Amino acid sequence: MKHKFVDVIPENLEDEVLYISIKYATAIHLCACGCKNEVVTPFSPTDWQFIFDGKTVSLSPSIGNWSFKCQSHYFIKNDEFVFMRRWTNKEIKDGRKKDKKRKSRYFKKARISPLAWLGLK
Ligand SMILES: [Zn+2]
Numbered sequence: 071m072k073h074k075f076v077d078v079i080p081e082n083l084e085d086e087v088l089y090i091s092i093k094y095a096t097a098i099h100l101c102a103c104g105c106k107n108e109v110v111t112p113f114s115p116t117d118w119q120f121i122f123d124g125k126t127v128s129l130s131p132s133i134g135n136w137s138f139k140c141q142s143h144y145f146i147k148n149d150e151f152v153f154m155r156r157w158t159n160k161e162i163k164d165g166r167k168k169d170k171k172r173k174s175r176y177f178k179k180a181r182i183s184p185l186a187w188l189g190l191k
């Protein structure tokens, strides 16, 4: 795959392209399995982080498309999709719980409410 730095996310996304908007601190791509679902990965201390090594881009943590039919699970590492095993329902549930915990810990530390942080308050 390749990555493209953009100011505005284009309307028609191409397969195998990771569109990155620094301005909006987010990236978007079409699901790696080819199902054409759009996958949005916002960048924040509690969501995704990306590494740009000057040539290629990596995202962390992995991307689990549990809300799609395909349920694909993969990493983006050095401009490549690295497919992972599909998670079981229990793993998905545990993962969501962990995510929630991590977020609440972060917001406690930051002493701001999640709503304020999202600019909704
Ligand atoms: Zn898919």
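Just so we're aligned, residue 71 is where the sequence shown starts under my numbering, counting upward by one.
Just so you know, even glycine gets a beta-carbon here, dropped at the ideal spot from N, CA and C.
Quick caveat, the model's predicted, so the values are computed rather than measured.
Is residue 138 a contact residue of ligand 1, with contact defined as CB to any heavy atom under 7 Å? As a first step, residue 138 is located in the sequence shown; it is residue number 68 there, counting from the start. Checking every heavy atom of ligand 1 against the Cβ of residue 138, one is found closer than 7 Å.
Span of the beta strand (DSSP E) around residue 91: In the sequence shown, the residue the question calls residue 91 occupies position 21. Taken as a continuous stretch (DSSP letters only), the beta strand (DSSP E) holding residue 91 covers 87-91.
Which term fits residue 124, buried or exposed, when burial requires 16 or more other beta carbons within 10 angstroms of its beta carbon? Taking the first residue of the sequence shown as position 1, residue 124 is located at position 54. Result: exposed.
For the pair the region 137-146 and the region 163-173, tell me if three or more CB-CB distances fall below 8 Å. no
In whole angstroms, what is the alpha-carbon distance linking residue 149 and residue 89? Within the sequence shown, numbered from 1, the residue matching residue 149 stands at position 79. Within the sequence shown, numbered from 1, the residue matching residue 89 stands at position 19. If you take the alpha carbons of residue 149 and residue 89, they lie about 12 Å apart.
How many angstroms separate the CA atom of residue 163 from the CA atom of residue 134? Residue numbering aside, residue 163 sits at position 93 when the sequence shown is read from its first letter. Residue numbering aside, residue 134 sits at position 64 when the sequence shown is read from its first letter. Rounded to the nearest angstrom, the two C-alpha atoms are 12 Å apart.
Enumerate in chain order the residues of its own chain whose CB-to-CB distance from residue 75 is below 6 Å, with the five nearest sequence positions on each side excluded. Locating residue 75 in the sequence shown gives position 5, counting from the first residue. Excluding sequence neighbours, residue 75 sits near 90.
Secondary structure at residue 150, three-state DSSP: helix, strand or coil? On the sequence shown, position 80 is the one that residue 150 refers to. DSSP places residue 150 in strand when its eight states are reduced to three.
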